[in-house]
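All remarks here apply to the structure that follows.
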Amino acid sequence: SGGLPLVATTWGFTNATLRAYQSLTVGAFDPIEALVEGCSVCEREQCDGTVGFGGSPDENGETTLDAMLMDGKTMDIGAVAALRDVKHAAEVAKHVLRNTKHTLLVGSQATEFAVMMGFKKESLQTEASKSMWSAWQNNHCQPNFWKNVIPSPSMSCGPYEPVSANAIHRTTPSSAENLSDRSAYDFGQYNHD
Amino acid sequence: TISMIVINEDKHVVAGTSTNGARHKIPGRVGDSPIPGAGAYADAEVGAAVATGDGDVMMRFLPSLLAVEAMRSGLSPAEAGQQAIGRIAKYYPSFVGGIVVVTKDGQYGAACHGMEEFPYSVADGTVADGDVRVLTVKC
């Protein structure tokens with residue numbers, strides 16, 4: 135294996151990989167531009183429902199986006215996390231890289247930064263993500279990521295409140311072992327980070 | 021999640037990610053993708069690594085940084101990836117995740133856990149016209 139130039143990508147996202155490679159060999163030759171173009175293909179195509187708008191709704195049915203660009207020559211980084219209402223997360227990350235001396239901007243304030251950089255604010259929810267969210271709600275909000283709260287998160291939706299500290303201490307070792315068990319979340323090709 | 025490594029002919033190494041994260045997360049939750057050393061890490065003196073999977077767990081171990089540092093101390097890309105993934109599996113045997121690791125010269129490998137196999141895509145100078153190949157590694 136081996137031979138430069140090279141693009142390597144997780145999963146079978148061949149369109150994105152090809153676009154980045156073409157950008158590298160025919161287009162701007164700038165590896166950061168190639169990276170952004172490649173990731174942007176998947177943001178547009180909503181690759182496996184795990185990239186871009188309209189996928190992986192949170193408990194409110196909202197889709198939020200995370201993206202990062204790292205330059206291995208300068209060790210400069212631009213990233214956004216929990217970006218709300220802006221579709222082009224990799225492009226916004228590029229503005230963090232190019233237009234700030236920060237590394238990571240998050241949440242609604244990252245959205246305000248994106249709008250300042252000229253990005254459009256628009257809902258990231260689609261019919262598909264809305265129906266995924268409804269199905270989850272209709273299934274007593276299972277699975278979820280809560281623990282040590284009442285009502286019991288294994289049986290019902292929130293809102294929740296924390297159980298008392300001594301109630302937590304009564305956790306038996308076997309349940310503590312269960313805490314490292316993440317199989318309930320069905321992570322895999324169509325659900326992951 | 022798309023996590024990508026790009027290296028041009030001048031051996032300028034970059035890495036990046038873009039994702040909408042895990043389903044049904046608590047609002048405000050962020051995965052490993054935008055965390056340096058977790059979702060991706062690049063060092064032009066060594067190479068780069070990118071990861072994907074259960075971000076709550078993976079970010080606790082900074083697998084991309086671990087893999088790049090393992091290559092810095094001489095491991096192959098596949099061995100480096102396996103070492104990083106193995107670290108996570110030791111504490112979280114049921115976690116799901118994959119990592120793609122590449123040296124600055126374009127040697128690549130991958131490792132994974134919790135899936136039958138993990139597919140990754142490569143386009144490089146060894147194949148005419150940079151055709152994209154989808155390779156798989158057994159977990």
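The listed protein sequences correspond, in order, to chains A and B. FYI, in our numbering the residues of the first sequence are 135 to 327. FYI, in our numbering the residues of the second sequence are 21 to 159. Just so it is clear, CB atoms sit at the ideal spot from N, CA and C, and this is done for glycine as well.
Residue i, enclosing alpha helix (DSSP H) - first and last residue
i, result
"residue 245 of chain A", "241-250"
"residue 177 of chain A", "165-179"
"residue 229 of chain A", "223-233"
"residue 111 of chain B", "97-111"
"residue 84 of chain B", "83-92"
"residue 77 of chain B", "75-78"
"residue 160 of chain B", "An answer regarding residue 160 of chain B cannot be provided, because it is not within the stretch 21 to 159 covered by chain B."
"residue 94 of chain A", "This structure leaves residue 94 of chain A out entirely; chain A is present only between 135 and 327."
Neighbouring residues, chain B, relative to residue i (Cβ below 7 Å)
i, result
"residue 316 of chain A", "74, 77, 112, 114, 115"
"residue 246 of chain A", "Within 7 Å Cβ-Cβ: nothing; residue 246 of chain A doesn't reach chain B, min ~16 Å."
"residue 278 of chain A", "44"
"residue 291 of chain A", "Those do not exist, as residue 291 of chain A stays about 11 Å from chain B at its closest Cβ, beyond 7 Å."
9 Å Cβ cut-off: residues of chain A touching residue i
i, result
"residue 47 of chain B", "192, 193, 194, 196, 198, 216"
"residue 83 of chain B", "Under the 9 Å cutoff, chain A gives no residues; its nearest Cβ is about 12 Å from residue 83 of chain B."
"residue 141 of chain B", "141, 142, 143, 144, 145, 146, 147, 148, 150, 151, 152"
"residue 93 of chain B", "Correct list: empty, because the minimum Cβ distance to chain A is about 17 Å."
Neighbour-count burial assignment, residue i, 16 or more Cβ in a 10 Å radius
i, result
"residue 160 of chain A", "exposed"
"residue 139 of chain A", "buried"
"residue 147 of chain A", "buried"
"residue 143 of chain B", "buried"
"residue 315 of chain A", "exposed"
"residue 236 of chain A", "exposed"
"residue 140 of chain B", "buried"
"residue 40 of chain B", "buried"
"residue 91 of chain A", "This structure gives no information on residue 91 of chain A, because the portion of chain A shown stretches from 135 to 327."
"residue 265 of chain A", "exposed"
"residue 151 of chain B", "exposed"
"residue 30 of chain B", "exposed"
"residue 92 of chain B", "exposed"
"residue 43 of chain B", "buried"
"residue 208 of chain A", "exposed"
"residue 204 of chain A", "buried"
"residue 261 of chain A", "exposed"
"residue 147 of chain B", "exposed"
Cβ-Cβ separation, residue j to residue i (assumed contact under 8 Å), whole Å
i, j, result
"residue 24 of chain B", "residue 181 of chain A", "Going by Cβ atoms, the distance from residue 24 of chain B to residue 181 of chain A rounds to 11 Å, so no, they are not a contact pair."
"residue 118 of chain B", "residue 138 of chain B", "4 Å"
"residue 73 of chain B", "residue 229 of chain A", "That belief does not hold up - the Cβ atoms of residue 73 of chain B and residue 229 of chain A are roughly 28 Å apart, past 8 Å."
"residue 36 of chain B", "residue 169 of chain A", "5 Å"
"residue 101 of chain B", "residue 69 of chain B", "7 Å"
First and last residue of the uninterrupted beta strand (DSSP E) at residue i
i, result
"residue 141 of chain B", "137-144"
"residue 153 of chain B", "153-158"
"residue 148 of chain A", "Note, residue 148 of chain A: premise wrong, no beta strand (DSSP E); alpha helix (DSSP H) at 148-159."
"residue 38 of chain B", "33-39"
"residue 62 of chain B", "60-63"
"residue 148 of chain B", "Looking at the DSSP string, residue 148 of chain B is not in any beta strand (DSSP E), and its letter there is neither H nor E."
"residue 204 of chain A", "199-205"
"residue 24 of chain B", "22-27"
"residue 142 of chain A", "140-144"
"residue 213 of chain A", "210-217"
8 Å Cβ cut-off: residues of chain E touching residue i
i, result
"residue 181 of chain A", "In the structure shown, chain E cannot be found, because the protein chains are A and B."
Neighbour list for residue i in chain A, Cβ cutoff strictly below 8 Å
i, result
"residue 137 of chain B", "Chain A residues near residue 137 of chain B: none, gap ~10 Å exceeds 8 Å."
"residue 109 of chain B", "The contacting residues do not exist; residue 109 of chain B stays about 11 Å from chain A at best."
"residue 89 of chain B", "Within chain A, no residue comes near residue 89 of chain B; the closest Cβ sits about 13 Å away, beyond 8 Å."
"residue 25 of chain B", "140, 141, 142, 143"
Any non-hydrogen atom of the ligand MN within 7 Å of residue i CB
i, result
"residue 106 of chain B", "Looking at this structure, you won't find the ligand MN or any other ligand, since it has none at all."
Within chain A, partners of residue i - CB distance below 7 Å
i, result
"residue 64 of chain B", "206, 207"
inquiry  = Taking contact to mean 3 or more Cβ pairs, one atom from each stretch, closer than 8 Å, check whether the stretch 207-217 of chain A and the stretch 279-288 of chain A are in contact.
reply    = Judged by Cβ distances under 8 Å, the stretch 207-217 of chain A makes no contact with the stretch 279-288 of chain A, as fewer than three pairs qualify.
message = Any contact between the stretch 116-124 of chain B and the stretch 57-70 of chain B? By contact I mean 3 or more CB pairs, one from each, below 8 Å.
response = Short answer: they touch.
The stretch 248-255 of chain A / the stretch 78-88 of chain B touching (three or more Cβ pairs under 8 Å) = Touching, no, given that fewer than three Cβ pairs across the two stretches are closer than 8 Å.
request  = For the stretch 239-246 of chain A and the stretch 260-275 of chain A, state whether three or more C-beta atom pairs, one from each stretch, are separated by less than 8 Å.
outcome  = Below 8 Å, too few C-beta pairs join the stretch 239-246 of chain A and the stretch 260-275 of chain A to call them touching: fewer than three.
inquiry  = Check whether the stretch 190-204 of chain A and the stretch 49-61 of chain B touch, using three or more Cβ-Cβ pairs below 8 Å as the test.
reply    = A contact exists between the stretch 190-204 of chain A and the stretch 49-61 of chain B.
Inter-stretch contact at 8 Å, needing at least 3 Cβ pairs: the stretch 315-324 of chain A / the stretch 291-299 of chain A = The answer is no - the stretch 291-299 of chain A does not touch the stretch 315-324 of chain A, with fewer than three Cβ pairs under 8 Å.
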